[in-house]
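The structure under discussion appears below in the form of structure tokens.
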Amino acid sequence: FLSVLLAEIGEAPQLLLAVLAMRFADKRPLFIGLFLAAAFSAGLSSVAGFGLHGVMNAQALTGFQALTLITAGFGMLFWKRKVKTLSDWKSGALFTAFVGLAASQIGDKSQFLIAASAARSGAIVVPAIAGFLAITLACVPAILFQERLGRILPINMIRWCGGAILTIAGLVLM
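Residue numbers (this note's numbering): 119 to 292.
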């Protein structure tokens, strides 16, 4: 839960939702789109990770989780993607939020963190629920506070500290 929550701070889904919240007056479809996209992403990641549980030995699974933590940590420390605001999309708030968020999650570090947790634990439900809750918890404030989020949360400090924590956790796990 914590690794996914940290990994989502200041990332594309959070920033996209802040932009969409400024664009659409009715926020309810954005919340629904967020919940659906987070459930889809976390569920897909957990199922994929669970599939690895039966084909990898314990040492390889631990290495996979360590590598995902290190990669996520480095991603928080050094790499920033440009956020697509989807301003040219003429669809409604629900469709734009769901498809935009689901697309931004594909191959994201959060998906790998959830998959690694499912792979190592051999569980599907708990990693999926934890991932869903972490993604949702990170993104709901973006809808509520929009552009003020950056003034309320010390996003850069969270990214630096979170990146260091995830990197160190991955190195210790190795």
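We put the CB at the ideal spot given by N, CA and C, even for glycine.
Helix, strand or coil: how does DSSP classify residue i here?
i	result
Lys-145	coil
Ala-241	coil
Met-174	coil
Leu-271	coil
Trp-197	coil
Glu-265	helix
Ser-209	coil
Leu-281	It is Gly, not Leu, that sits at residue 281 in the sequence shown. It is helical.
Met-140	helix
Ile-150	helix
Glu-126	helix
Gly-249	helix
Phe-119	coil
Ile-224	coil
Among the options, which one has its Cα closest to the Cα of residue i?
i	options	result
Ala-166	Arg-277, Gly-193, Lys-145 and Pro-245	Pro-245
Leu-251	Phe-142, Ala-139, Phe-158 and Asp-144	Phe-158
Gln-223	Arg-238, Lys-208, Gly-210 and Cys-257	Cys-257
Leu-195	Leu-179, Ala-237 and Gly-281	Gly-281
Ser-239	Ile-150, Ala-136, Val-137 and Gly-169	Gly-169
Phe-153	Ile-273, Gly-218, Ile-283 and Phe-142	Gly-218
Met-174	Ile-270, Trp-278, Ala-234 and Pro-259	Ala-234
Thr-189	Leu-284, Leu-291, Val-290 and Met-292	Leu-284
Ala-287	Ala-211, Phe-182 and Ile-253	Phe-182
Here's a check: name, in chain order, each residue in its chain whose Cβ is nearer than 8 Å to the Cβ of residue i, leaving out the five neighbours to either side.
i	result
Phe-263	Ala-136 and Ile-270
Please work out which residues of its chain come closer than 6 Å, Cβ to Cβ, to residue i, disregarding the five sequence neighbours upstream and downstream, and give them in chain order.
i	result
Leu-124	Gly-280
Ala-155	Phe-216, Leu-219 and Ala-220
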